[in-house]
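Beneath this line is the structure, given in structure tokens, with notes to follow.
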Amino acid sequence: MKRNLFIAIEGCDGAGSSTQVGALKDLLNLTGRKAFETKEPTNNLVGGLIRGVLRKNWKIDPKGFQLLFAADRSHHLDDEILPTLQKGNIITDRYFFSTIAYGSLDADISWLKSLNSYFRTPDATFIIDVPPEVCIERIKASRSSMELFEEKEKLCRVQATYHILAKQFPGVYLIDGNRSKDEILKEIYATLKPYYHKNIIAISGPPGSGKGSFAEKLAEKISYTHYSIGEIRRKMAKEKGVPLAELNKIGEHEAYTDNDADAYMQKLAQEEDNFIVDGRLSYFFIPYALKIFLDVDPNEGAKRVFEAGRSEEKFKSIDEAKMAIEDRATSDARRYYKWYDIENVYSKSNFHYIIDTTKLSVDQVINKITDEILPKHEIYKIS
26 MKRNLFIAIE GCDGAGSSTQ VGALKDLLNL TGRKAFETKE PTNNLVGGLI
76 RGVLRKNWKI DPKGFQLLFA ADRSHHLDDE ILPTLQKGNI ITDRYFFSTI
126 AYGSLDADIS WLKSLNSYFR TPDATFIIDV PPEVCIERIK ASRSSMELFE
176 EKEKLCRVQA TYHILAKQFP GVYLIDGNRS KDEILKEIYA TLKPYYHKNI
226 IAISGPPGSG KGSFAEKLAE KISYTHYSIG EIRRKMAKEK GVPLAELNKI
276 GEHEAYTDND ADAYMQKLAQ EEDNFIVDGR LSYFFIPYAL KIFLDVDPNE
326 GAKRVFEAGR SEEKFKSIDE AKMAIEDRAT SDARRYYKWY DIENVYSKSN
376 FHYIIDTTKL SVDQVINKIT DEILPKHEIY KIS
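In structure tokens:
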């Protein structure tokens, strides 16, 4: 699959993220994959204000400081990152993970996550993991003065938050930074290979968006294999003699209801190629897939679920179907948060493309994908 990747390299101050950004850019260019580098804070006006605070030249309250980072990031994303992705890979030295990790020293982490939830998640994020005391020694050796957050106790808290974030977002990799620069670069490059060489499409969306039907028809049209995580869960529910809704409720307290499906997706990603998988967490377990989110108006989604009339979820009315969908969404949210620390499985920032299917026919959605999206990634219609 032809891919220009949005890559972030993160870590505590002194971890060596800047070194790896430059090294990875050079390596990608050397291997024929055009690459560009950038950084946050940026060099624009807002970025200058941020650096002034970091250097203790002026003060601002913690929330105001984080809003400066968000403003800088918004401009950075729209003015540089997204346009550059049309030309090649772009690697940023720091992104919103730094904002959350460092910002949580003085601001509420839930607020920080919400503030940054509107920004696109990188395809791959590498957190260079180095013990705080080593970071401090490196900083002292390279600079004459310390910046705002560069104290051991603070860096320990920042590192702990990075470890938490690595579990909560797709495509985030902790890299042992206590090695040579070449060893670190080698691991980063090896991790990126599936992003460039695998041909996988992950389709997600809320109930009634048609992700299963669309995925099946798309796979048929481009001669890919189709795998449905929903069907796996329905089969599991049938084997246990319970309705799917009850299996989902059990999953709020018992991890085994998700473990099989999770392992199945991970195995697919490792062993298979040229396939489409539909499932709410497909984007999370297969981060190097091309990710498409199919959205739908809740009323239209309920209408579709009602009319589909699956044997295990027959409803007497559209309103009843809508209530069941809302109940399931609440149950799913509890499940995903408990087992994966995922606060919003429907966050559109995790996807490359978003299609509102509310007023589109099956053929219109399929044609939009095959005619407008897939050719950009050298996946063409076969029939």
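Numbered per the working numbering, the sequence shown spans residues 26 to 408.
C-beta: ideal position from N, C-alpha, C; glycine also.
All values reported here derive from a predicted model rather than from experimental measurement.
key: Where residue 197 sits in the DSSP three-state scheme   = strand
ask   = Can residue 117 and residue 50 be called in contact, C-beta distance under 8 Å?
value = no
query = According to DSSP, what are the bridge partners of residue 330?
reply = According to DSSP, which records beta bridges pairwise, residue 330 is partnered with nothing at all.
inquiry  = Per the DSSP calculation, residue 35 is bridged to which residue(s)?
reply    = 152
ask   = Ends of the beta strand (DSSP E) at residue 51?
value = Premise fails: residue 51 lies in the alpha helix (DSSP H), 42-55, not in any beta strand (DSSP E).
ask   = Roughly how many angstroms lie between the CA atoms of residue 201 and residue 138, to the nearest whole one?
value = 25 Å
request  = Scan the segment 198-260 and note each continuous alpha helix (DSSP H) run of 4 residues or more that stays entirely inside, going in chain order.
outcome  = 206-222, 236-247
message = On the DSSP letters alone, give me the boundaries of the beta strand (DSSP E) that residue 297 sits inside.
response = Careful: residue 297 lies outside any beta strand (DSSP E) and carries neither H nor E.
key: Residues near residue 60 in its chain [Cβ-Cβ closer than 6 Å; skip 5 each side]   = 50, 53, 54, 113, 114
request  = Taking only the alpha-carbon atoms, compute the straight-line gap between residue 36 and residue 304 and give it to the nearest angstrom.
outcome  = 31 Å
request  = Within the same chain, show all residues whose beta-carbon is closer than 6 Å to that of residue 126, passing over the 5 residues directly before and after it, in chain order.
outcome  = 183, 186, 187
6 Å Cβ shell around residue 46 - same chain, five flanking residues per side excluded = 34, 62, 116, 118
ask   = Which value, in whole angstroms, describes the spacing of the CA atoms of residue 233 and residue 346?
value = 10 Å
message = Taking the beta strand (DSSP E) that residue 315 belongs to, which residues open and close that run?
response = 315-320
request  = Would you identify the three-state DSSP class for residue 358, choosing helix, strand or coil?
outcome  = helix
key: Neighbourhood of residue 258 by C-beta distance below 7 Å, restricted to the same chain and skipping five residues each side   = 269, 272, 286
key: Extent of the continuous beta strand (DSSP E) to which residue 62 belongs   = 60-64
ask   = Per DSSP, which one or two residues make a beta bridge with residue 381?
value = 320
ask   = Given that a residue counts as buried once 16 or more other Cβ atoms are within 10 Å of its Cβ, and exposed if not, what is residue 379?
value = exposed
request  = Using three-state DSSP, classify residue 173 as helix, strand or coil.
outcome  = Only weak support exists for where residue 173 lies, its pLDDT of 45 falling under 50; the coordinates are left without a value.
message = Taking its Cβ as the centre, do 16 or more other Cβ atoms sit within 10 Å of residue 387, making it buried, or is it exposed?
response = exposed
request  = Would you identify the three-state DSSP class for residue 117, choosing helix, strand or coil?
outcome  = strand
Residue 99 burial status per 10 Å Cβ neighbour count (16 or more: buried) = exposed
key: Bounding residues of the alpha helix (DSSP H) (the contiguous stretch that carries residue 163)   = 157-167
query = Excluding five sequence neighbours on each side, which residues of the same chain lie with their C-beta closer than 8 Å to the C-beta of residue 210?
reply = 45, 48, 49, 52
ask   = With a CB to CB cut of under 7 Å and the five nearest residues on each side skipped, what residues in its chain are close to residue 325?
value = 233, 383
8 Å Cβ cutoff met for residue 190 and residue 160 = no
inquiry  = Beta-carbon within less than 8 Å of residue 376's beta-carbon, same chain only, minus the 5 sequence neighbours each way: which residues are those?
reply    = 229, 308, 316, 317, 318
message = So, for residue 12: in the same chain, excluding its five sequence neighbours on each side, which residues have a beta-carbon less than 6 Å away from its beta-carbon?
response = For the chain, the structure presents residues 26 to 408; residue 12 sits outside this window and is missing.
message = Between which residues of its own chain and residue 313 is the CB-CB distance below 6 Å, once the five residues before and five after are set aside?
response = 219, 220, 223
request  = Count the other C-beta atoms from every protein chain shown that fall within 10 angstroms of the C-beta of residue 107, then say buried if there are 16 or more, exposed otherwise.
outcome  = exposed
inquiry  = My output table needs one value for residue 131: the three-state DSSP class, helix, strand or coil.
reply    = coil
task = Measure the Cβ-Cβ separation of residue 104 and residue 75 and say whether it is below 8 Å.
result = no
request  = Return the residue from the list 90, 144, 68 that minimises the CA-CA distance to residue 78.
outcome  = 90
inquiry  = Starting from residue 75, trace the alpha helix (DSSP H) in both directions and tell me its first and last residue.
reply    = 70-79
Whole-angstrom distance between residue 332 and residue 277, CA atom to CA atom = 28 Å
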